[in-house]
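Novice:
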Amino acid sequence: MTVNHKLKPALSWLAVLLFMLAIYFLSAHPAGISNAYSKGIVAFLVENALKLTGKAITDQDMLRLISEVNSVAREYMHGVVFFVLGMLVHNAVRQCGARGVKAVAAALAICVVYGITDEIHQILVPGRAFQLSDLVMDAAGSVIGICVVWALYRKEKDLSG
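Letter by letter, the sequence shown follows residues 1 to 161 of the UniProt record's numbering.
Structure (C-alpha cells):
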C-alpha cells in the first residue's frame, strides 16, 4: 500500500508530533520514578544476559553492575531518543520540499529547540533539572539521525539518477 504523496508531509509531521509527545511524557516523570523504571529494564536485561552466558555473580556485584549500566544507559538514552527525532524531523522537512543544507539546518534547529524546551520542562519536574550534558547528547543524537536520513536520500537519488 502506498501513501498518497499529498498525505506524506502530514503523516511525517504527525509522527514527529507523536514522538515529541512521548518525549514530553517521559520527561514529566519525577527523577525517582524515571530512574526506577529504567533500572528495572536494565536489571531485566543484565539478569537475562547473565543467564544466557551462564555467568554467576554475587548479589552485591549484580546491584553494582545494574547501577553502572543504568547510569550509562540513562546518559546515552538522550542521544538515542534524539537520534530518532532527528530522523523523523529531517524526513518531515524533506516531505515539505526542503533539500540539502536547508533541510539539514531546519531539522537541526527544530531538534535543538525541542531539546532546549525539554530541558526547561524538566526544571518543573521534581528531582529533574536542566542539564547541559543532556542537551549536548540531544544535539549529537539529532545530528547523527539527520545525517542518516540525508545519506539515505542521497543514496536513493544516486541509485535513481
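Even glycine gets a Cβ: it sits at the ideal position worked out from N, Cα and C.
1. I need the DSSP call for lysine 39, collapsed to helix, strand or coil.
2. Closer than 8 Å by C-beta to leucine 65: which residues in its own chain qualify, once you throw out the five before and the five after it? Chain order, please.
3. I'd like the ranges of any beta strand (DSSP E) spanning at least 3 consecutive residues and lying wholly in the segment 107 to 148.
4. Out of Gln131, Lys6, Arg154, Ile23, which has the shortest C-alpha to C-alpha gap to histidine 90?
5. Are the beta-carbon atoms of isoleucine 144 and valine 104 separated by less than 8 Å?
6. Assign glycine 97 to buried or exposed, taking buried as 16 or more other Cβ atoms, counted over all protein chains shown, within 10 Å of its Cβ.
7. On the criterion of 16 or more Cβ atoms from any shown chain inside 10 Å, does histidine 78 qualify as buried, or is it exposed?
8. Nearest-angstrom Cα distance between glycine 100 and serine 71?
Specialist: Working from what's here:
1. helix
2. Val46, Ile57
3. none
4. Arg154
5. no
6. exposed
7. buried
8. 37 Å
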